[in-house]
Every structure is written in C-alpha cells, then in structure tokens.
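Asker: Before anything else, here's the structure in question.
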Amino acid sequence: MKIKSKISAHKNPIITLEVEDQYDPKSILTEKKIYIKNESHEEIVSNQLHTSGMIIVDAQMHFDTPQVLEFEIEKESIVMNFILCNNVETHIEQFESEKFSTENTHNILYANNFNGTFQIPAFEPVNYLSFILSLDFYLQLINKNWKLHQKFSKNILAKKSTYFSTHYIPFSSGVQWIIHEIKNCTLQEDLKRMYIETKIKELLILQLEALTHKPTPIEQIDEEDLKKLQEAKVILDVNYAKSPSLPELSRMISLNEFKLKKGFKACFNTTVKSYVIKLRMEHAKELFKNKAATVSEVAYKCGYKDVSHFSAAFKSFYGFSPQKFKMNWESV
1 MKIKSKISAH KNPIITLEVE DQYDPKSILT EKKIYIKNES HEEIVSNQLH
51 TSGMIIVDAQ MHFDTPQVLE FEIEKESIVM NFILCNNVET HIEQFESEKF
101 STENTHNILY ANNFNGTFQI PAFEPVNYLS FILSLDFYLQ LINKNWKLHQ
151 KFSKNILAKK STYFSTHYIP FSSGVQWIIH EIKNCTLQED LKRMYIETKI
201 KELLILQLEA LTHKPTPIEQ IDEEDLKKLQ EAKVILDVNY AKSPSLPELS
251 RMISLNEFKL KKGFKACFNT TVKSYVIKLR MEHAKELFKN KAATVSEVAY
301 KCGYKDVSHF SAAFKSFYGF SPQKFKMNWE SV
C-alpha cells in the first residue's frame, strides 16, 4: 500500500509513504513530522505514523489563497476519516457525489486505488485525521462475515469503492476522547504501537456503533439547526469550566431551548449538562495524571466553587474519589 499527497501548486509532495499490505505484529512503528511555512504565510503540519498495513496522517493546514490537495492511495484500503474542519470540498474519482466537510464528523470508506482532490478555501484552518488501513490489517480487527459491516464487507469483496454511511456523522464524546488520547500519546516504540493499535480498534467499534445505528432524529434536523448545534458543542468544548447556562447557550447560537436540548441529545447522544460534566471530569483526570494540582485546585480549574460538589461529581463519573485517584496515580 502506497500513499502520496501534494498541494497542486507545489512541486514537492507532503507525503510519500509505502508500507507492506500484510499485517506483521513485529514490524516497527515509524514516526515522521513535516513542517512547512513560507513567506506567503502558508503553513502545513503533517504528523505521520506508519507500520505494516497501517498509515496514520494527522494534518493541519492554512493558506492565504485557495488550494487543491491531491491524495492517492495505491491498492485496496479502508480509511477511517475524522474531519476537524469546515468547508473543504471533496471529490473522489471512485465516488459519484462530492462532499463538503463539516467540523467534528467521521465516516469510513473503502477504495480500490483511491484518487481524490480536496478544494481548500483561503483563510480556513484545515485539520483532518485519517487512519489508512490495508485490507489485511482491517480484517485483523473485524471478521469479514460479521453482521456489523455486512453491506460494507460485500462491497469490499466485490472491490466496489464505497462509504460505510451515506453521510458523515458527528463525533460522539467517546470518539473525541480517543482522538485526544492518540494525539497526546507519549509512549515509545513497541508500547506505542500496541497502544495505537488498541485505540484504532476502540475507534472502529465506536464508528461501527454510530454508523450502523438505525436512522435517528439527527436526520430530521435541518442543516441550519445542525450547524447551530455543532456551534453549541464547540462553545462548550472551549468554555466547559465556565459553561453558559442553557438559556445563555440558546441565545448564543440563536436556537430556542427546546430545539437545543432535543437536538443536542439527538446529535451527540448526551445532554448538554452531561456533556459539560464529562469535559470537566476528563480535564480533572488529565490534571491529576500530570500531577499538576491539588484536589481543591483541580476543582477550581474545572469550574467548581465547592470542592465537595466536585468530589461528588468525580466519584459519580469514575466510581472513586478524586483523592483516591490522585493518591494512586502519584504512587505510579
């Protein structure tokens, strides 16, 4: 399996990688980082991990003029795609319709000799995370006969390029957290490989769960309201320590409270309140793991004025007190 990626207007490729198609648990995980910045304020950061049967690309780009990104994958591949930006137009030769990216959405696709272009607008930050798997690697993760991906598997066996789902769907909190863990993994060599492979399987399970779900109320939400709900999620992602109240959030996105509550639950499979708690608890856990603060300090940094309220929320979320977690982690 070989991939190549370049900006049409640029001479040199951003990515040129080739890996064995066959999965080999003994092969080495190789890391590579590319940073390009020129006088025109164009910026490209590409973090790449690869081993037999697997290539991971975490790319961030920013351009002052519209650009076209070309991307090719030789041979069969399954791509777990996670989009973290808006307004990028995608055209893939093997697929009939074009797609426009929506921030924090994901899908899976199969392609036999993938050949695509991505129209990148000016002054729009671009960020995508792609797990490019050989067919052999993918089938190590999931049996081809499992009902979970029956239709998708039939298309693979027929070598018919296809998306798993007709549309990209929003990240769940689980997907978002695993992406965070992968991006911030500090392990090295064999341990990192084992960790990354485990996380890929976890991500695939969450993707299959979301993408095979029966049609949900999200499909009944019009596009304009969907954008507002995604905006609400971004606001909470940034301001969870000092999160707006439901009426305040409703005014901020110009969507009434009923639609906000019902739509948020439909889109993200959680309530606004539960999502804020989850973000606070995840941040608290990271602070404890970094040994950066006392329980009182962590409570304050996570938006709690009362330490007892924080402790109760932490125990309810994780099943043990913050004091116990902090003590156990510090002894590691």
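Letter 109 of the sequence shown, counting from 1, is numbered 109 in full-length UniProt numbering, and no numbers are missing. Built from N, CA and C at the ideal position, the CB exists for glycine as well. These figures come from a predicted structure and were not determined experimentally.
1. Let me know the alpha helix (DSSP H) ranges lying completely inside the stretch 73-151, each 4 residues or longer, listed in chain order.
2. Can you tell which of I235, P170, Q207 and I196 has its C-alpha closest to the C-alpha of residue 334?
3. So what does I179 bridge to, in DSSP terms?
4. Can you say whether H149 is buried or exposed, counting buried as having 16 or more other CB atoms within 10 angstroms of its CB?
5. Measuring straight from C-alpha to C-alpha, what distance separates Y110 and S134?
6. Contact check, N81 vs N107 under 8 Å by CB: the rounded distance?
7. Taking only three categories from DSSP, how would you classify L226?
8. Tell me which residue opens and which closes the alpha helix (DSSP H) that residue 333 is part of.
9. Quick one, which of P322, D190, A266 and I132 has its alpha-carbon nearest D58's?
10. Give me the DSSP bridge partner(s) of I62.
11. Measuring alpha carbon to alpha carbon, tell me which residue in S77, E248 and M281 is nearest residue 339.
12. Where does L255 fall in DSSP's three states?
13. Per DSSP, F71 forms a beta bridge with which residues?
14. Please list the terminal residues of the continuous beta strand (DSSP E) segment that includes L17.
15. Expressed to the nearest angstrom, what Euclidean distance is found between the alpha-carbon atoms of L236 and M252?
16. Applying the criterion that 16 or more other CB atoms from any shown protein chain within 10 Å of the CB defines a buried residue, is N104 buried or exposed?
17. Report the residue from Q230, M1 and I28 whose alpha carbon sits nearest the alpha carbon of E20.
18. Among all the DSSP beta bridges, which residues are the ones paired with I36?
19. Figure out for me which residue from V175, V238, K192 and E181 has the closest Cα to the Cα of A210.
20. DSSP three-state call for T186: helix, strand or coil?
21. Between E202 and the rest of its own chain, which residues show a CB-CB distance below 6 Å, the 5 nearest in sequence each way excluded?
22. Classify F258 as buried or exposed, calling it buried when 16 or more other Cβ atoms lie within 10 Å of its own Cβ.
23. Under 8 Å, do T166 and N155 count as touching if we go by C-beta distance?
24. Is the stretch 294-312 touching the stretch 186-205, taking contact as three or more C-beta pairs under 8 Å?
25. Is it buried or exposed, Q207, if we count other Cβ atoms within 10 angstroms and call 16 or more buried?
26. Please list the segments of the alpha helix (DSSP H) lying wholly inside the UniProt domain "HTH araC/xylS-type" (230-328), counting only runs of 4 or more residues, in order along the chain.
27. Do Y128 and I83 count as a contact pair if the criterion is CB distance below 8 Å?
28. Only counting the same chain, and skipping five residues up and downstream in sequence, which positions put a Cβ closer than 6 Å to that of K32?
29. Quick one: measure Cβ to Cβ for L287 and K301, integer angstroms, because I've assumed they're closer than 8 Å.
30. Using CA atoms only, rank isn't needed, just tell me which of P25, N86 and G53 is closest to F123.
31. Between the C-alpha atoms of I14 and L229, what's the straight-line distance to the nearest angstrom?
32. Rounded to the nearest angstrom, how far is the Cβ of F137 from that of G53, given a contact under 8 Å?
33. Tell me which same chain residues have a C-beta within less than 6 Å of the C-beta of F152, skipping the five on either side of it?
34. Could you tell me which residues DSSP pairs with I169 in its beta bridges?
Answerer: On the basis of the data shown:
1. 135-141
2. Outside the modelled stretch of the chain, which goes from 1 to 332, sits residue 334, for which no answer is possible.
3. As a working note, residue 179 is residue 179 in the sequence shown. Beta-bridge pairing links I179 to no other residue.
4. Against the sequence shown, residue 149 aligns to sequence position 149. Label assigned to H149: buried.
5. By one-based count along the sequence shown, residue 110 stands at place 110. By one-based count along the sequence shown, residue 134 stands at place 134. The straight-line gap from Cα to Cα measures roughly 10 Å.
6. Reading the sequence shown from its first residue, position 81 is the one you call residue 81. Reading the sequence shown from its first residue, position 107 is the one you call residue 107. That belief holds up - the Cβ atoms of N81 and N107 are roughly 6 Å apart, short of 8 Å.
7. To locate residue 226, count along the sequence shown from 1; it is residue 226. It is helical.
8. Examination of residue 333 is not possible in this model, given that the chain is present from 1 through 332 alone.
9. To locate residue 58, count along the sequence shown from 1; it is residue 58. Taking only the C-alpha atoms, the option nearest D58 is I132.
10. Translated into the one-based positions of the sequence shown, residue 62 becomes position 62. A small correction: the amino acid at residue 62 is His; Ile does not occupy that position in the sequence shown. Partner(s): E43.
11. Limits of the chain in this structure are 1 at one end and 332 at the other, which puts residue 339 out of reach.
12. Taking the first residue of the sequence shown as position 1, residue 255 is located at position 255. DSSP places L255 in coil when its eight states are reduced to three.
13. As a first step, residue 71 must be located in the sequence shown, where it is residue number 71. Paired residue(s): S5 and G116.
14. In the sequence shown, residue 17 corresponds to position 17, counting from 1. L17 -> beta strand (DSSP E) spans I15 to E18.
15. Against the sequence shown, residue 236 aligns to sequence position 236. Against the sequence shown, residue 252 aligns to sequence position 252. Straight-line Cα distance between these residues: approximately 11 Å.
16. As a first step, residue 104 must be located in the sequence shown, where it is residue number 104. With 16 or more Cβ atoms within 10 Å of its Cβ, N104 is classed as buried.
17. To locate residue 20, count along the sequence shown from 1; it is residue 20. Each of Q230, M1 and I28 was checked against the Cα of E20, and the nearest Cα belongs to M1.
18. On the sequence shown, residue 36 is found 36 positions in, with the first residue counted as 1. According to DSSP, residue pairing for I36 in a beta bridge involves I44.
19. Sequence index remark: in the sequence shown, residue 210 carries index 210 (1-based). A210 has its Cα closest to that of V175, out of V175, V238, K192 and E181.
20. Taking the first residue of the sequence shown as 1, we reach residue 186 at position 186. Reduced to three states, the DSSP call for T186 is coil.
21. The residue you call residue 202 lines up with position 202 of the sequence shown. The answer, listed in chain order, is I178.
22. Here residue 258 refers to the residue found at position 258 when the sequence shown is read from its first residue. That one is exposed.
23. Counting from one through the sequence shown, the residue named residue 166 turns up at place 166. Counting from one through the sequence shown, the residue named residue 155 turns up at place 155. Against a cut-off of 8 Å, the Cβ pair of N155 and T166 comes out as no contact.
24. Fewer than three Cβ pairs drawn from the stretch 294-312 and the stretch 186-205 lie within less than 8 Å of each other, which leaves the two stretches out of contact.
25. The residue labelled residue 207 in the question sits at position 207 within the sequence shown. Counting Cβ neighbours within 10 Å, Q207 comes out buried, since at least 16 surround it.
26. 246-253, 257-268, 272-289, 295-301 and 307-318
27. Counted from its first residue, the sequence shown places residue 83 at position 83. Counted from its first residue, the sequence shown places residue 128 at position 128. Yes.
28. Residue 32 sits at position 32 when you count from the first residue of the sequence shown. Within the same chain, K32 has close Cβ partners Q48.
29. Within the sequence shown, numbered from 1, the residue matching residue 287 stands at position 287. Within the sequence shown, numbered from 1, the residue matching residue 301 stands at position 301. Contact holds; Cβ gap of about 6 Å.
30. In the sequence shown, residue 123 corresponds to position 123, counting from 1. Closest option to F123, Cα to Cα, is N86.
31. In the sequence shown, residue 14 corresponds to position 14, counting from 1. In the sequence shown, residue 229 corresponds to position 229, counting from 1. For I14 and L229, the distance between alpha carbons rounds to 34 Å.
32. Sequence index remark: in the sequence shown, residue 137 carries index 137 (1-based). Sequence index remark: in the sequence shown, residue 53 carries index 53 (1-based). So it is a contact: roughly 3 Å between Cβ atoms.
33. The residue you call residue 152 lines up with position 152 of the sequence shown. Same-chain partners within the cutoff: F164.
34. The count along the sequence shown starts at 1 and reaches residue 169 at position 169. Answer is H106.
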